[in-house]
Amino acid sequence: KLNKIEINKDIIKNYIDAYFIKNNGVIFIEKDLISNGIVSKDEYWKFIKKLVNGINTNNLEVYLKFKPRNFNKSLESKYLSTGMKTLPYYVPIQFFYGHSKLISGIGFTSSAMSYNENFNIISFAKAIKLNNAAKVTVNRSIDSTLGRSESKIIKFPKSIEEIILLIVLESIKKFCPHFFLGVLKMLNRGLDKLELLRIVEAVANEKSIDKELVIGSMESAIQKAALTKFGNDNNIEVIIDRESGDIKIQK
8 KLNKIEINKD IIKNYIDAYF IKNNGVIFIE KDLISNGIVS KDEYWKFIKK LVNGINTNNL
68 EVYLKFKPRN FNKSLESKYL STGMKTLPYY VPIQFFYGHS KLISGIGFTS SAMSYNENFN
128 IISFAKAIKL NNAAKVTVNR SIDSTLGRSE SKIIKFPKSI EEIILLIVLE SIKKFCPHFF
188 LGVLKMLNRG LDKLELLRIV EAVANEKSID KELVIGSMES AIQKAALTKF GNDNNIEVII
248 DRESGDIKIQ K
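Numbering-wise, the sequence shown is residues 8 to 258 according to my numbering.
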C-alpha cells in the first residue's frame, strides 16, 4: 500500500518538459460544447481546424488539456487530427500556467480560466457561431467566468483572426522583447520609417511569423502608447503603410 506523498512541482515540470511541451505554444482548455447544444458539431470542428491551422502557421503549437473527469480517448484523437498536441489530463491545469513555453490559454468559459492572475487567457466564446437557443446560457457562463476571475483580465476577441493576432502579440512580447523596446525607442526619438520596416522583417523572419500580424501588433503597441499619452477616452487609430513605413495616427 502506497502512502500519500506531496509531489514536488519540479519533478512534474521536468516530466512535462521531457515528454509533452517541447515547443512554444498555447494551452487549449477543452469543454464539451456540442452535446450541451451550444455549438453545432460541424461549426465547432470547422472553427477548431481553422484556429489550430492559424496558430500552427505562426510556428506555435496548440496543446490540448482535458479536465480529468471529461477525458475521452476518441475525442482526444479527433482533436489530434486537427494538429493539436496533447497534455496529460491527470495533471492539474495549474501546473501548466506560467510555463516558460506557453504564451496563453484558450478556452470557451471555465473556472480554470481564473487561475494565475498573470497568465494570459483568451476566450473564443464571442468568436464562434453559437446555436441561437444557447446565447442566453452562454452570456450567463461568461458572466460567471468573469465573476470568478475577479481582477484577472480575460480577453474576448470576436474572430479567429483577432485571436491569432492576440496570441502573436503575446508571443512577440514574451520571446522578442526587443521588438517592443525598439518601438518605444523610436517613439521617443522620432520614428525612422526604414528602421520600422527592418524591425518588422527581422521579427517575422526570426519567429516565422506572418509580417501582416507583426505589423498589426506594432500598430497595437503604438496605439497603446498614444492612448497613454493622450488619454484612454480618445478614439485613436494607428495605420502603418505596408510599403513606405509611413505611420498615420488619427483620432
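Think of the CB as a built atom: it goes at the ideal place given N, C-alpha and C, for glycine as much as any other residue. No experiment lies behind these values; they were computed from the predicted model shown.
In whole angstroms, what separates the C-alpha of Gly-44 from that of Pro-164?
When rounded, the separation of the alpha-carbon atoms in Gly-44 and Pro-164 is 22 Å.
In angstroms with no decimal places, state the Cα-to-Cα distance between Leu-58 and Leu-176.
Those two C-alpha atoms are separated by around 16 Å.
Rounding to the nearest angstrom, what Cα-Cα distance links Lys-38 and Ser-81 in this structure?
Taking the straight line joining both Cα atoms gives about 15 Å.
For Val-175, the first and last residue of its enclosing alpha helix (DSSP H)
167 to 182 is the span of the alpha helix (DSSP H), which, as asked, contains Val-175.
Name the residue from Asn-127, Gln-257, Asp-150, Ile-246 whose alpha carbon lies nearest to the alpha carbon of Phe-35.
Ranking the options by Cα distance to Phe-35, first place goes to Asn-127.
Closest by CA to Leu-67, which one among Ala-233, Phe-54, Ser-47, Met-91?
Considering only alpha carbons, the answer is Met-91.
Specify, as a first and last residue, the run of the beta strand (DSSP E) that Gly-154 falls within.
Element bounds for Gly-154: not the beta strand (DSSP E) but the alpha helix (DSSP H), 142 to 156.
Could you tell me the boundaries of the beta strand (DSSP E) in which Phe-35 lies?
Its beta strand (DSSP E) spans residues 32 to 36.
Over what stretch of residues does the alpha helix (DSSP H) that includes Leu-82 continue unbroken?
For Leu-82, the uninterrupted alpha helix (DSSP H) run begins and ends at 80 to 87, by DSSP.
Suppose you measure from the CA of Ser-117 to the CA of Ser-111; what does that come to, to the nearest Å?
The straight-line gap from Cα to Cα measures roughly 15 Å.
Can at least three beta-carbon pairs, one atom from the stretch 132 to 152 and one from the stretch 98 to 107, be found at a separation below 8 Å?
Short answer: they don't touch.
Identify which residue in Ser-42, Pro-99, Leu-71, Val-221 has its Cα closest to the Cα of Asn-123.
Looking at the Cα atoms, Pro-99 is the closest of the given residues.
Where the beta strand (DSSP E) through Gly-238 begins and ends:
Neither: Gly-238 is in no beta strand (DSSP E) and is coded neither H nor E.
From Arg-76 to Tyr-96, what distance separates their C-alpha atoms?
Approximately 9 Å between the Cα atoms of the pair.
Use the C-beta contact count for Val-33: other C-beta atoms within 10 angstroms, 16 or more gives buried, fewer gives exposed.
When all chains shown are included, Val-33 counts as buried.
Whole angstroms are fine: how far does the CA of Ser-178 sit from the CA of Ser-251?
Distance between the alpha carbons of Ser-251 and Ser-178: 26 Å.
By the 10 Å Cβ neighbour count, where 16 or more other Cβ atoms means buried, how is Gly-238 classified, buried or exposed?
The residue in question, Gly-238, is exposed, as its Cβ has fewer than 16 Cβ neighbours within 10 Å.
For Ile-216 and Asn-31, what's the separation of their Cα atoms in angstroms?
A direct Cα-Cα distance of roughly 13 Å separates Ile-216 from Asn-31.
For the candidate residues Ile-167, Lys-72, Glu-202, whose alpha-carbon lies nearest to that of Gly-61?
Nearest option by C-alpha distance: Ile-167.
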